[in-house]
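K.L.:
Sharing a structure below in structure tokens format, with a few things to ask.
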Amino acid sequence: MDSREAFIALNMIEGVGPVRARSLLQHFGDAPTILAAAKSQLLRVATIGNDTAEKISTWEKSVDLAGELKRITDFGCHVLIQSDENYPPSLREIYDPPLVLYVKGELTAKDKNAVAMVGSRMTTHYGIETARKLAYQLAYTGVTVVSGGARGIDTAAHQGALSGKGRTIAVLGTGINLIFPTENAELFERIAANGAVITQFPFNRPADKQSFPIRNRIVAGMTLGTVVVEANLSSGALITANFATEYGRQIFAVPGRIDSPRSKGCHDLIKKGAKLCEGVEDILSEFEYLFPTSNRPASVSETGVLPALELNENEQKVFDAVKADDESSIDEIIRASGLPSSTVNVALFGLEMKRLVKQLPGKMFVRNRC
647 MDSREAFIAL NMIEGVGPVR ARSLLQHFGD APTILAAAKS QLLRVATIGN DTAEKISTWE
707 KSVDLAGELK RITDFGCHVL IQSDENYPPS LREIYDPPLV LYVKGELTAK DKNAVAMVGS
767 RMTTHYGIET ARKLAYQLAY TGVTVVSGGA RGIDTAAHQG ALSGKGRTIA VLGTGINLIF
827 PTENAELFER IAANGAVITQ FPFNRPADKQ SFPIRNRIVA GMTLGTVVVE ANLSSGALIT
887 ANFATEYGRQ IFAVPGRIDS PRSKGCHDLI KKGAKLCEGV EDILSEFEYL FPTSNRPASV
947 SETGVLPALE LNENEQKVFD AVKADDESSI DEIIRASGLP SSTVNVALFG LEMKRLVKQL
1007 PGKMFVRNRC
């Protein structure tokens, strides 16, 4: 048995969570040794009581490891453990990172630049449209959008990111083979093809009151910050925000109507210090380091090779539409590029973050001379 198989088995033993597993690993050194240990040896670990030691020492009676490995293969997913290169580095830093992640699709190095977007299942048209727009713009600028795959804001966030032709990750509160909600089956397939669907739970694990908070800590833990779009005071989205605060990550809250119960949670977060989010600029301005200063053309006084710029087709059209030696108004750029105004605005913001153009008062733009 290799380490990956041993971690899958450990993850399936009731009562052995990430915290106890860490104590066991510190004592025994690796996962296969833990599974081979006698009950008397397990009881020497401070956090392991009689019941847990019994379950670990007799794990083969309750865990169908061969069956789980077959289900993983048949379903077309794979399992990451913390030592894997593609295990989210931000998630590895939290107090209780998952022992394993079941992944359908792929996690990549690009996903280190990820932002969570969460909110209520029972939402308004305003909330849905805001989530879609923000997720679209984040994905368009190369930020991975992470959410929980639930109805309402979560679904809108995934849809917006896909529309922006970017990456998105759905973190499930069930086994990876269970579609919840059922109407998101097609959406989950699209997410897996343009990012990943992930969970820490074994196959066939149903949702319950405990599984969603466990899921929420992954959403908060693997991202640089959490955007709460719409939430009442009892929304599970606030649990995600609390985890993000605990992990030292940035919290953003979208304001709503002052008389709407579905915005009370966001307003409460703002009162407690969350950053007011009126647009994607409020989010990305906190993460300017995603767009390094060297990601620009060299000036005449500079030598050497700088990293190549990566502009998508619309950004290139908009950049070409900005005059090389004078100021350009937003209307002039729209006419010259031939693109819709909404597309031009998003592309201009991406070019600003990449330090290729600079906005002046009056919605005038110039190329950045650096």
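Under the working numbering, the first residue of the sequence shown is numbered 647, with each subsequent residue one higher.
Where a beta carbon is used, it is the ideal one built from N, C-alpha and C, also for glycine.
Just so we're clear, the structure is a prediction, and the values are computed from it rather than from any experiment.
#1: Bridge partners for Gln1005 per DSSP, in chain order?
#2: On a CA-only basis, which of Ala667, Val875 and Ile864 is nearest Val843? Give me that one, please.
#3: If contacts are defined as beta-carbon pairs under 8 Å, then Val792 and Ala781 qualify, I think. What distance do you get, rounded to the angstrom?
#4: Does DSSP put Met647 in a helix, a strand or coil?
#5: Using the beta-carbon count (16 or more within 10 Å), is Leu1006 buried or exposed?
#6: May I have the straight-line CA-CA distance separating Thr744 from Phe674, to the nearest angstrom?
#7: Are the beta-carbon atoms belonging to Ile702 and Ile659 less than 9 Å from one another?
#8: Determine the direct distance from the alpha carbon of Asp977 to that of Pro901, and round the result to whole angstroms.
#9: Anyone know if the C-beta pair for Ala831 and Thr814 falls short of 9 Å?
#10: Are the CB atoms of Tyr786 and Ala967 nearer to each other than 9 Å?
#11: What does the Cβ neighbour count give for Asn696, buried or exposed, with the cut at 16 atoms within 10 Å?
#12: Measure from the alpha carbon of Phe889 to the alpha carbon of each residue in Leu681, Tyr741, Ala712 and Phe721, then state which is nearest.
#13: Whole alpha helix (DSSP H) runs in the segment 720-803 with 4 or more residues, listed along the chain?
#14: Along the beta strand (DSSP E) that carries Ile844, what are the first and last residues, could you check?
#15: With a threshold of 16 other CB atoms inside 10 Å of the CB of Thr922, please say whether the residue is buried or exposed.
#16: Can you tell me which of Leu1002, Glu973 and Phe965 puts its alpha carbon nearest to the alpha carbon of Gly984?
#17: At which residue ranges does the segment 836-921 contain complete alpha helix (DSSP H) runs of 4 or more residues, listed in the order of the chain?
#18: Just curious, the alpha helix (DSSP H) that Thr989 is in, first and last residue?
#19: Can you tell me which of the three DSSP states Val951 falls into?
#20: Take Asp720 as the anchor and find which of Lys750, Gln728, Leu726 and Ala699 has the nearest alpha-carbon.
P.N.:
Concretely, from the data shown:
#1: Position 359 of the sequence shown holds residue 1005. In DSSP, Gln1005 forms a bridge with Phe1011.
#2: Start at 1 with the first residue of the sequence shown, and residue 843 comes out as number 197. That would be Ile864, whose Cα lies nearest to the Cα of Val843.
#3: Here residue 792 refers to the residue found at position 146 when the sequence shown is read from its first residue. Here residue 781 refers to the residue found at position 135 when the sequence shown is read from its first residue. Between Ala781 and Val792 the Cβ distance is about 10 Å, and since that is not below 8 Å, they are no contact.
#4: Taking the first residue of the sequence shown as position 1, residue 647 is located at position 1. In the structure shown, Met647 sits in coil (DSSP, three-state: anything other than H, G, I, E or B).
#5: Reading the sequence shown from its first residue, position 360 is the one you call residue 1006. The residue in question, Leu1006, is exposed, as its Cβ has fewer than 16 Cβ neighbours within 10 Å.
#6: The residue given as residue 744 occupies position 98 in the sequence shown. The residue given as residue 674 occupies position 28 in the sequence shown. Checking the sequence shown, residue 744 turns out to be Pro, not Thr. Cα-Cα distance, rounded: 19 Å.
#7: As a first step, residue 702 is located in the sequence shown; it is residue number 56 there, counting from the start. As a first step, residue 659 is located in the sequence shown; it is residue number 13 there, counting from the start. Contact flag set, yes.
#8: For the purposes of this step, residue 901 is taken as the residue at position 255 of the sequence shown. For the purposes of this step, residue 977 is taken as the residue at position 331 of the sequence shown. Distance between the alpha carbons of Pro901 and Asp977 is about 29 Å.
#9: Position 185 of the sequence shown, counting from 1, holds the residue named residue 831. Position 168 of the sequence shown, counting from 1, holds the residue named residue 814. Contact flag unset, no.
#10: Working through the sequence shown from its first residue, we reach residue 786 at position 140. Working through the sequence shown from its first residue, we reach residue 967 at position 321. Taking 9 Å as the Cβ cut-off, Tyr786 and Ala967 do not qualify as a contacting pair.
#11: By 1-based counting over the sequence shown, the position of residue 696 is 50. With fewer than 16 other Cβ atoms within 10 Å, it is exposed.
#12: For the purposes of this step, residue 889 is identified with residue 243 of the sequence shown, where counting begins at 1. If we check each option's Cα against that of Phe889, Tyr741 comes out closest.
#13: 735-738 and 771-786
#14: As a working note, residue 844 is residue 198 in the sequence shown. In the DSSP assignment, Ile844 falls within the unbroken beta strand (DSSP E) covering Gly841 to Thr845.
#15: Position 276 of the sequence shown, counted from the start, is the residue given in the question as residue 922. Note on identity: in this sequence residue 922 is Leu, with Thr being the wrong assignment. Counting Cβ neighbours within 10 Å, Leu922 comes out exposed, since fewer than 16 surround it.
#16: For this step, residue 984 is matched to residue 338 along the sequence shown. The candidate whose alpha carbon is nearest that of Gly984 is Phe965.
#17: 857-867, 883-892 and 910-917
#18: Here residue 989 corresponds to residue number 343 of the sequence shown, with the count starting at 1. Here the alpha helix (DSSP H) through Thr989 covers Ser987 to Met999.
#19: Against the sequence shown, residue 951 aligns to sequence position 305. Legend: pLDDT at Val951 = 39, less than 50; position of this residue unreliable, value from coordinates given subsequently. If DSSP states are grouped into helix, strand and coil, Val951 belongs with coil.
#20: In the sequence shown, counting from the first residue as 1, residue 720 sits at position 74. Out of Lys750, Gln728, Leu726 and Ala699, Lys750 has the C-alpha closest to the C-alpha of Asp720.
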